[in-house]
DNA sequence: GTCTATACTTGGATAGAC
DNA sequence: GTCTATCCAAGTATAGAC
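Protein chains in written order, with my numbering: chain A, 1 to 205; chain B, 1001 to 1205.
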């Protein structure tokens, strides 16, 4: 399956991810990426056609890297507050490895680059679905399954992931205090717990 | 107080805001801004010194524009779920007028441009404080005042504002459905309501 | 498949005439 | 305070030798 050139393509994608992480979308130029990966700049256009297509390939790489991990961790989840706790852990992993920076930078670019919009939506939909499916499974056959809007909740949680990253990045590395993130997710967890406890269960049939 | 040149400075700032909104940080170049405002490109550097300083001045303009409106609307708020409802309305206003696009684009830029970090943090802190003060006021002297982490909640709500904007921008204008936003804030409102109802009130002194 | 060299465009910023 | 003209660095992308 491995064709000649695949190794180079992988190197280019890796350098693109690194550039997006370290220098953001503003610094992810063809020249900067090539310099970082120590290969010739023209190779980007030979292998990917355009810089935009390389950046999208980088997002794809990230997605496949993380999809397994997410599925695996979320499978153990059986209650909603548990989901929030595991989501907090996954969020921390992604923050540490810079994944969310890459995604938020690409999302910001997609906000005004219309050619990026549809491709980025395609790449995010599966992630929202993973969260949504987990929510539905966590609710199981409890009476709340029909009351909680799973898709909207999944959408909100995913949005929170991205928003938190942008704000946490504002803090200085030296003074950064991770407790804020944990607190946020713990807060969300107890809110969900409370909501489920106090929601009037639908009338029995 | 109005010095000569102030009118031009205002025009430049207005054009910068427009550019950030329409073309994002990637399209907010000195030349593009000058073309949009129909003034000479050199004026940006004469009046603001650098493009970065102009963009920060644009964020300042936005902040002062909106601060009054926020204070005014949030003053009427006296319960936490009410806060969430009003926050949802303010979010809609900001979305419609493109303010959040401007902020999210600048936040994305600040993530990797270290010279933007401290200035952007300075400009966001007051906003988080406004939300935090409102939360504290809404909790008033209820027994929950000591249990709810007001700062973290304010931080999370503000992050959600930004994250939602980036995601909602992915949808096509034609197919965009605002109900998602409202649902998200209504959801948050009922979660808060539920949390307050079910939280064990602290033991009386 | 990979490299060098280059075409062409756009970017931030400044000098100097008005 | 504003304009024109210009410098120079950096951007995307391509042609052609190897």
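The beta-carbon is built from N, C-alpha and C at its ideal position, and this holds for glycine as well.
Here the structure is a predicted model, which is why all the values come from computation and not from measurement.
Close-in-space but distant-in-sequence residues of the same chain around residue i (CB under 6 Å, 5 per side omitted)
i: residue 1256(B); result: With chain B covering 1001 to 1205 only, the question about residue 1256(B) has no answer from this structure.
i: residue 58(A); result: 13, 16, 17
i: residue 204(A); result: Note on residue 204(A): pLDDT 48, under 50, position unreliable in the model; no value is reported.
i: residue 1166(B); result: 1104
i: residue 1009(B); result: 1047
i: residue 1032(B); result: 1019
i: residue 54(A); result: 16, 44, 48
CB-CB length for residue i against residue j, believed under 8 Å
i: residue 52(A); j: residue 153(A); result: Not a contact, Cβ separation roughly 32 Å.
i: residue 1198(B); j: residue 194(A); result: 4 Å
i: residue 218(A); j: residue 1103(B); result: Residue 218(A) falls outside the range modelled here, since chain A spans only 1 to 205, and no answer is possible.
i: residue 111(A); j: residue 1101(B); result: 6 Å
i: residue 1192(B); j: residue 191(A); result: 7 Å
i: residue 1081(B); j: residue 187(A); result: Going by Cβ atoms, the distance from residue 1081(B) to residue 187(A) rounds to 16 Å, so no, they are not a contact pair.
i: residue 1083(B); j: residue 1135(B); result: 6 Å
i: residue 1049(B); j: residue 1011(B); result: Actually they are not in contact, since the Cβ atoms of residue 1049(B) and residue 1011(B) sit about 17 Å apart, beyond 8 Å.
7 Å Cβ cutoff, residue i in contact with chain B
i: residue 187(A); result: yes
i: residue 52(A); result: no
i: residue 129(A); result: no
i: residue 121(A); result: yes
i: residue 134(A); result: no
i: residue 63(A); result: no
i: residue 197(A); result: yes
Interface flag, residue i vs chain A, CB-CB below 7 Å
i: residue 1018(B); result: no
i: residue 1205(B); result: Because residue 1205(B) carries a pLDDT of 43, less than 50, the predicted location of this residue cannot be relied on, and no value is offered for it.
i: residue 1066(B); result: no
i: residue 1184(B); result: yes
i: residue 1117(B); result: yes
i: residue 1023(B); result: yes
i: residue 1008(B); result: no
i: residue 1058(B); result: no
i: residue 1194(B); result: yes
Sequence-distant residues of the same chain with beta carbon closer than 8 Å to residue i, five excluded per side
i: residue 181(A); result: 88, 91, 92, 95, 164, 168
i: residue 73(A); result: 86, 89, 90
i: residue 71(A); result: 130
i: residue 5(A); result: 47
Limits of the unbroken alpha helix (DSSP H) element including residue i
i: residue 89(A); result: 80–96
i: residue 65(A); result: 51–75
i: residue 119(A); result: 114–139
i: residue 7(A); result: 6–27
i: residue 1158(B); result: 1150–1168
i: residue 39(A); result: It is not in any alpha helix (DSSP H) - residue 39(A) carries neither H nor E in the DSSP assignment.
Residues near residue i by beta carbon distance below 7 Å, same chain, minus five either side
i: residue 56(A); result: 119
i: residue 157(A); result: 87, 131
i: residue 1021(B); result: 1098, 1101, 1102
i: residue 1114(B); result: none
i: residue 1045(B); result: none
i: residue 1030(B); result: 1041, 1044, 1051
i: residue 171(A); result: none
i: residue 1189(B); result: 1081, 1084, 1085
i: residue 63(A); result: 123
i: residue 1155(B); result: 1128
Cβ-based contacts, 8 Å cut-off: residues of the region 78–111 of chain A near chain B = Across the region 78–111 of chain A, CB contacts with chain B closer than 8 Å involve 101, 104, 105, 107, 108, 109, 110, 111, in sequence order along the chain.
Name, going along the chain, the residues of the region 26–40 of chain A whose beta-carbon falls closer than 8 Å to a beta-carbon of chain B.
-> Answer set for the region 26–40 of chain A: 26, 27.
Give, in chain order, every residue of the region 1140–1153 of chain B whose Cβ lies closer than 8 Å to some Cβ of chain A.
-> For the region 1140–1153 of chain B, the set of residues with a beta-carbon nearer than 8 Å to any beta-carbon of chain A comprises 1149, 1152, 1153, in chain order.
For the region 1155–1175 of chain B, enumerate the residues whose C-beta is nearer than 9 Å to any C-beta of chain A, in chain order.
-> Within the region 1155–1175 of chain B, the qualifying residues are 1155, 1156, 1158, 1159, 1160, 1161, 1162, 1163, 1164, 1165, 1166, 1167, 1168, 1169, 1170, 1171, 1172.
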